[in-house]
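Q: If you scroll down you'll find the structure; I have some questions about it.
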Amino acid sequence: MNHKRPKPTTWYYDEVRHRFIVEADTEISVNHEVFNSYGIKSNCKLLLGYGFLVEDNEDNEYTFTLKLDYSDSLYYDKYKILEGEYYYVDAPANVQSEGFE
């Protein structure tokens, strides 16, 4: 069963019949594929756990390293922002920043 978000099905284990049941949350036409959601996961998690990637995955994660200069007069403020003590900065993955090394 292929992955699709938002979750188009609900599944549960039926103790009486001893099997998993998948039910559609909306009507599915005859000869159309039934999808399930593997949850909110980055492409890294989907690839390692299930063997596939999602094109334009809105839940993708990116790891990067920032280098702070101790001599910068704003070093302490920048450090606190990165530690999440001041506020959280949320930027789309396609934002291009200048001035970062």
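Residue numbers (the working numbering): 1 to 101.
Just so you know, even glycine gets a beta-carbon here, dropped at the ideal spot from N, CA and C.
Everything numeric in this text was worked out from a predicted model, so none of it was measured.
Would you decide whether F100 is buried or exposed? Buried here means 16 or more other CB atoms lie within 10 Å of its CB.
A: Low confidence applies here, because F100 scores a pLDDT of 46, under 50, leaving its location unreliable; read the following figure in that light. Label assigned to F100: exposed.
Q: Exposed or buried, K80, counting other C-beta atoms within 10 Å across all chains shown (16 or more means buried)?
A: Exposed, because fewer than 16 other Cβ atoms sit within 10 Å of the Cβ of K80.
Q: Go through its chain and collect everything with a Cβ distance to K41's Cβ below 7 Å, but skip five positions before and after it.
A: Result list for K41: D59, in chain order.
Q: What number of angstroms, rounded off, separates the C-alpha of H32 from the C-alpha of D72?
A: C-alpha separation (whole angstroms): 59 Å.
Q: State the DSSP-derived secondary structure class of I81, mapped to helix, strand or coil.
A: It is helical.
Q: Figure out for me which residue from V22, R17, H18 has the closest Cα to the Cα of K7.
A: Of the candidates V22, R17, H18, the one whose C-alpha sits nearest the C-alpha of K7 is V22.
Q: Do you know offhand how far F20's Cα is from L47's?
A: So the alpha carbons of these two residues sit roughly 24 Å apart.
Q: Based on the DSSP output, what are the partners of D14 in its beta bridges?
A: Paired residue(s): R19.
Q: For N36, name the three-state secondary structure that DSSP assigns.
A: The answer is strand: DSSP assigns N36 an E or B state.
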